[in-house]
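Take a look at the structure below.
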Amino acid sequence: MFPVKELKRSALISLWFAFLTFPIMVIKVNPIERTVDWRWDNMYFVAIGSFVISILSKVYLIRKERRSGRKKISRALTEPFMQRILREPRFLYPLSLAILVFAIAFPYFFSTYQTNIMTTALMYVVLGLGLNIVVGVAGLLDLGYVAFYAVGAYSYALLNMHFNMGFWTVLPIGGLFAAFLGVLLGFPVLRLRGDYLAIVTLGFGEIIRLILENWNDFSQGPSGIANISRPSFFGMEMSFDGGITYIYYLVVALVVFTIFVVNRLQNSRLGRAWLALREDEIACQAMGIDKTKTKLIAFSLGAFWAGLVGVIFAAKTTFVNPASFTFLESAIILSIVVLGGMGSIVGVIFGALILILMPEYLRALSEYRMLAFGGILVVMMVFKPDGIISNVRRSYRFKKHISHQTSDQS
Amino acid sequence: MDYFIELFFGGLTRGSIYALIALGYTMVYGIIGLINFAHGEIYMIGAFTAFIVATVLSIYGFPALAIIIIAGLAAAVWSSSYGYTVEKVAYRPLRKAPRLAPLISAIGMSIFLQNYVLLAQTSDFLPFPALIPEFAFMEPVAHIVGSSDLVILVTTAVVMIGLTFLIKFTKIGKAMRATAQDKTMAVLVGINVDRVISATFIIGSALAAIGGLLIASHIGQINFYIGFIAGIKAFTAAVLGGIGSIPGAVLGSLVLGLTESFATGYVSSDYEDVFAFSLLVLILIFKPSGLLGKAETKKV
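As given, the protein sequences belong to chains A and B, one line each in that order.
Each number in the working numbering corresponds to the 1-based position in the first sequence with 52 added.
Each number in the working numbering corresponds to the 1-based position in the second sequence with 21 added.
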């Protein structure tokens, strides 16, 4: 049964939280009418809530400890269930086919609203996969990824407004612009170590946003650019609903393309160079890998995907303004990568779907949405710091029977 | 010339506030190598606590001096408690996790705390009572340097001296320096590293709370969102000076504050932040480990 000592501890924790949240939860002042509102009932909620949560987490920890004690040996030998499925082509191909069929059939079974949300989620899948190249595979912490996304979106918005250029023309241009900017940013920051790199990219992202916000002649400032044309299908204009379905398919195609490219990249010479760079820069250079070139390619490739998604974002919403490209956005994309499991493609897809769909369906809790989002990020990290699906290194194992043979001979 | 001096003191004031927040970042980074994104929120909570306590006391008719002291103490106490709790809940279980996990946890904590204050209090801007009185002896120069500027500068200077003393000459300061140098070795010589880390969070949070109280009463209004911008600026300042170095954080903050002040005064207030971040990028390009940071040589 639950030990009394733990109950006492939980009681202390709940007292502590009651004290901690006292000024902010209980007192509410109105400085203009000079009245004080004491909301004591909030204090009881906090005390009871923290008591229950602390007991639950303790129970979880105790059970986890027992489990890991029992299964320690068998764990090391068998891979997790998901990993086994992913490695075995027998399961993998039918599974991906089923998912693809589901994705294609999605707009026929669900409403336009659902399709629209799904489109957003899939856009974040692509963004996550793009950032995954930079952060997950090459190990360069980029906190300003949203800048490239903004560049893509604004290149479509501006080119469309001034030169009336179509979606399909701008799609590669937006991607290339972003990639070019990635190289431009990459050059000066390559010498920096991990966290310095992080803050410089963060600063860079903010600079881009602030320029968009303040340079009115160029970007129309905080009011943004409206009436961007939707993509056309070989010159055909589409109805509103049709347009949404069309963009959905476009994004599905982009997701498939991205997964294909990223998967091929990860197993290529370049991908292995990135992994080596992430693990140890000095050793990596000693093996004859050109550090500068490898890093720059990672930066520009990551930026390229963000640019592509940016163009699609502008086409989807037909409106862009700087408020869509804040640091919070970068943080969300980074959370997708880390939450899903760094370097793992399936993990990133799961991460994006969970993180983007969850707030949408939590809309019932409307105002508690972001509170829950923050809380879930913390809880997920505390209980599963490797992400939902951690990336397992490719490794070679000696087969048992070979060692038997050698021992027989000797 | 008056204008120049005004901007100069404005920059110093701003820089002092950044320094109070930046110290928390740099101390935490120096010890556990984590960018504590929730630190800006701790500062915001400090300002809010001070606001609530000060308003309640002024409604019940306490004298001004008592209000300043009690509000300041309350802000420091509650901010430190928040800092301590955040570390225990969100960072301590992740000590041995991959490097990015605590960072995401910190970002989550920051979003959580922001929305917690937003929901429990309000999203409006609240008028902060002017706690710092206008001194009579400042009258002749009041158009250049306000009384609150003076108070902020003096308080910051006192706090810095106190902190330097704490780190250099006390037992806990010694333990902190030891932990920052080598955590494993610190454990081996009998330092309770967990307690040192908690102490770091508590001290950093208390400093941030003082900063929050001062800036809120200087500007005269607060909002749940103030922590975010201030946090990013202060972190920039810490990196500018060389993260992990305490004098570096102060120097970086002052440089940042002055740059922003002059950029606002002579160029345009719209591009204030652009100047701040451009300065950061430029300095890091030429001095990749910050102004006072040690260049790290890695042995193989």
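Ideal Cβ placement from N, Cα and C applies to all residues, glycine included.
Buried or exposed by the 16-neighbour rule on C-beta atoms within 10 Å, applied to residue i
| i | result |
| --- | --- |
| H60(B) | buried |
| R127(A) | A caution first: R127(A) carries a pLDDT of 46, below 50, which makes its placement in the model too unreliable to give a value. |
| F351(A) | buried |
| M339(A) | exposed |
| E85(A) | exposed |
| V178(A) | buried |
| Q242(B) | exposed |
| F143(A) | exposed |
| G82(B) | exposed |
| T344(A) | exposed |
| G295(A) | buried |
| R261(A) | buried |
| Q202(B) | exposed |
| S291(A) | exposed |
| E155(B) | exposed |
Rounded C-alpha distance that separates residue i from residue j
| i | j | result |
| --- | --- | --- |
| G257(A) | T87(A) | 43 Å |
| G36(B) | D23(B) | 20 Å |
| F296(B) | A284(B) | 7 Å |
| V111(A) | A63(A) | 15 Å |
| F222(B) | I132(B) | 19 Å |
| K152(B) | S238(B) | The sequence given here places Leu at residue 152(B); Lys does not occur at that position. Taking the straight line from one Cα to the other gives about 6 Å. |
| N266(A) | D291(B) | 6 Å |
| E117(A) | S102(A) | 22 Å |
| I364(A) | V389(A) | 21 Å |
| E78(B) | I280(A) | A small fix is needed here, since residue 78(B) is Leu in this sequence, not Glu. Each residue's alpha carbon lies about 54 Å from the other. |
| E331(A) | S387(A) | 21 Å |
| V434(A) | L115(B) | 6 Å |
| L139(B) | L322(A) | 46 Å |
| V166(B) | V241(A) | 39 Å |
| T310(A) | L181(A) | 7 Å |
| W92(A) | G51(B) | 40 Å |
| A70(A) | Q142(B) | 16 Å |
| L210(A) | Q272(A) | 10 Å |
| L279(B) | I105(A) | 47 Å |
| T167(A) | T297(A) | 7 Å |
| S459(A) | A157(A) | For S459(A), the predicted structure reports a pLDDT of 45, less than 50, and the residue's modelled location is therefore unreliable. The matter cannot be settled from this model. |
| T221(A) | Y208(A) | 9 Å |
| P224(A) | M170(A) | 23 Å |
Opening and closing residue of the beta strand (DSSP E) in which residue i lies
| i | result |
| --- | --- |
| D89(A) | 87-90 |
| V81(A) | 79-82 |
Residues that residue i contacts on chain B, provided the C-beta gap is smaller than 8 Å
| i | result |
| --- | --- |
| M339(A) | Near M339(A) there are no residues of chain B at all, since even the closest Cβ is about 13 Å away, more than 8 Å. |
| M433(A) | A111, L115, A118, A122, P123, I125, S126, G129 |
Contact list for residue i against chain B, beta-carbon separation under 7 Å
| i | result |
| --- | --- |
| E258(A) | D294, F298 |
| S387(A) | I125, I128 |
| A383(A) | I128 |
| M77(A) | A141 |
| V390(A) | L121, A122, I125 |
DSSP three-state assignment for residue i, whether helix, strand or coil
| i | result |
| --- | --- |
| Q166(A) | helix |
| P148(B) | strand |
| D460(A) | Residue confidence is low: D460(A) scores 45 on pLDDT, short of 50, so the model does not pin down where it sits. Its coordinate-derived value is still stated next. Looking at D460(A) - three-state DSSP - the assignment turns out to be helix. |
| I243(B) | strand |
| I277(A) | strand |
| V166(B) | coil |
| V210(B) | coil |
Partners in chain B for residue i, counting only beta-carbon separations shorter than 9 Å
| i | result |
| --- | --- |
| E419(A) | N136, L139, L140 |
Chain-ordered chain A contacts of residue i [CB-CB under 9 Å]
| i | result |
| --- | --- |
| G241(B) | Here the premise fails: no neighbours, minimum Cβ distance about 11 Å. |
| S102(B) | W68, F71, L72 |
| L313(B) | Within 9 Å Cβ-Cβ: nothing; L313(B) doesn't reach chain A, min ~14 Å. |
Partners in chain A for residue i, counting only beta-carbon separations shorter than 8 Å
| i | result |
| --- | --- |
| P309(B) | R243, L244, R245, Y248 |
| P2(B) | Because chain B in this structure spans residues 22 to 321, residue 2(B) falls outside the shown range and cannot be described. |
| F256(B) | I251 |
Neighbouring residues, chain A, relative to residue i (Cβ below 7 Å)
| i | result |
| --- | --- |
| I223(B) | Within chain A, no residue comes near I223(B); the closest Cβ sits about 13 Å away, beyond 7 Å. |
| D291(B) | N266 |
| L147(B) | P83 |
| T76(B) | V81, P83 |
Endpoints, alpha helix (DSSP H) assigned at residue i
| i | result |
| --- | --- |
| E281(B) | 267-283 |
| Y287(B) | Neither: Y287(B) is in no alpha helix (DSSP H) and is coded neither H nor E. |
| V324(A) | One detail in the question is off: residue 324(A) reads as Arg in this sequence, not Val. Here the alpha helix (DSSP H) through R324(A) covers 321-331. |
| K117(B) | Counting along the chain, K117(B) falls outside any alpha helix (DSSP H), and DSSP gives it neither H nor E. |
| V186(A) | Premise fails: V186(A) is in no alpha helix (DSSP H) and is neither H nor E. |
| V361(A) | 343-369 |
| M432(A) | 421-435 |
| G196(A) | Premise fails: G196(A) is in no alpha helix (DSSP H) and is neither H nor E. |
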